[in-house]
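Residue numbers (this note's numbering): 360 to 409.
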C-alpha cells in the first residue's frame with residue numbers, strides 16, 4: 360500500500376514560511392529543511408555511493 364504524501368510541504372512552501380518568520384533561528388531551520396527536501400527528491404548519482 361502506497362503512503363499518501365499529499366500533506367507534506369514543498370520546498371517553496373517551506374521557503375515562504377521562512378520569509379515570513381521573524382525569528383532568525385526558525386527562518387534558518389526552515390531554509391535548511393527546504394534544502395533537505397530538495398535533496399531527497401534528486402536522483403542518486405554514482406559518486407554519491409563512494
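Backbone N, C-alpha and C define an ideal beta-carbon position, used for all residues, glycine too.
Owing to the predicted nature of the structure, the values given are computational and were not obtained by experimental measurement.
- Contact between residue 393 and residue 386 does not hold, since the beta-carbon distance rounds to 11 Å and is not under 8 Å.
- For residue 391, the enclosing alpha helix (DSSP H) starts and ends at 383-399.
- Counting along the chain, residue 375 sits inside the alpha helix (DSSP H) bounded by residues 370-379.
- Cβ-Cβ separation between residue 374 and residue 390: approximately 7 Å, consistent with a contact (criterion under 8 Å).
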